[in-house]
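Asker: Heads up: the sequence shown begins at 704 in our numbering, then just goes up one per residue. Just passing along the structure, written as structure tokens.
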Amino acid sequence: MSIHLDIKKEHTEVEQETVLHSIPCKIYGDTPANVSAFFTPYIRKSDEKHFDASFRGHPLQGRILTVPEGYKGLIFYEQKKPANPADDRKFVSTGGFSKFTYWNFDKLPSKNDAIVSALDWIDIAEAVHAPEKS
């Protein structure tokens, strides 16, 4: 199986920034939804870096995470899933982002969270794999 990515040039431009929230829940569906009509969170700044909100009555605590310099975040959608898992898959870009709001239930986001660690690892990996200076 191979994965094909169809990246639209306009999604790599900063001017086409998408508002993105990463919330800690599972949505059992993969059909289009008018999210902006139903998910417009009331966000309150709790301190210099953190925000408070709620989703369906559950308290959320979040902060804005930035994609490391030199990288661009992209959002992809699989238009048609193959019937056979061994078949090739095709994903089409639907937007781009350079920052997003990351939310946790009942606790502040920290360096212990997987997504924060993954973003930190990009900088660490570049330093580890950079050519040695003589």
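Note that beta-carbon positions come from the ideal geometry of N, C-alpha and C, so glycine has one too.
Can you give me the start and stop residues for the beta strand (DSSP E) that alanine 756 sits inside?
Answerer: From DSSP, the beta strand (DSSP E) with alanine 756 extends over 753–758.
Asker: Suppose the cutoff is 8 Å on Cβ atoms and the five residues either side in sequence are ignored; what does the same chain contact list for serine 813 look like?
Answerer: Val819, listed in sequence order.
Asker: Could you have a look at valine 819 and say whether DSSP puts it in helix, strand or coil?
Answerer: Helix, per DSSP.
Asker: Exposed or buried, glycine 732, counting other C-beta atoms within 10 Å across all chains shown (16 or more means buried)?
Answerer: Glycine 732 comes out exposed.
Asker: Let me know the secondary structure DSSP gives lysine 712 once reduced to three states.
Answerer: Three-state DSSP puts lysine 712 in a helix.
Asker: Should histidine 832 be labelled buried (16 or more other beta-carbon atoms within 10 Å of its own) or exposed?
Answerer: Exposed, because fewer than 16 other Cβ atoms sit within 10 Å of the Cβ of histidine 832.
Asker: I'd like to confirm the pairing. Which residues does DSSP put opposite isoleucine 726 in its beta bridges?
Answerer: In the DSSP output, where bridge partners are listed per residue, isoleucine 726 has none listed.
Asker: What residue range is occupied by the uninterrupted beta strand (DSSP E) comprising threonine 731?
Answerer: Contrary to the premise, residue 731 reads as tyrosine rather than threonine in this sequence. Per DSSP, tyrosine 731 belongs to no beta strand (DSSP E) and is neither H nor E.
Asker: Taking Cβ to Cβ, would you say leucine 777 is nearer than 8 Å to glycine 760?
Answerer: Going by C-beta atoms, leucine 777 is not nearer than 8 Å to glycine 760.
Asker: Are the beta-carbon atoms of valine 795 and tyrosine 780 separated by less than 8 Å?
Answerer: Yes, the pair counts as a contact, with Cβ atoms nearer than the cut-off.
Asker: For proline 785 and phenylalanine 754, what's the separation of their Cα atoms in angstroms?
Answerer: C-alpha separation (whole angstroms): 40 Å.
Asker: Pull the bridge partners of valine 795 from the DSSP assignment, please.
Answerer: Asp709, Tyr780, per the DSSP bridge assignment.
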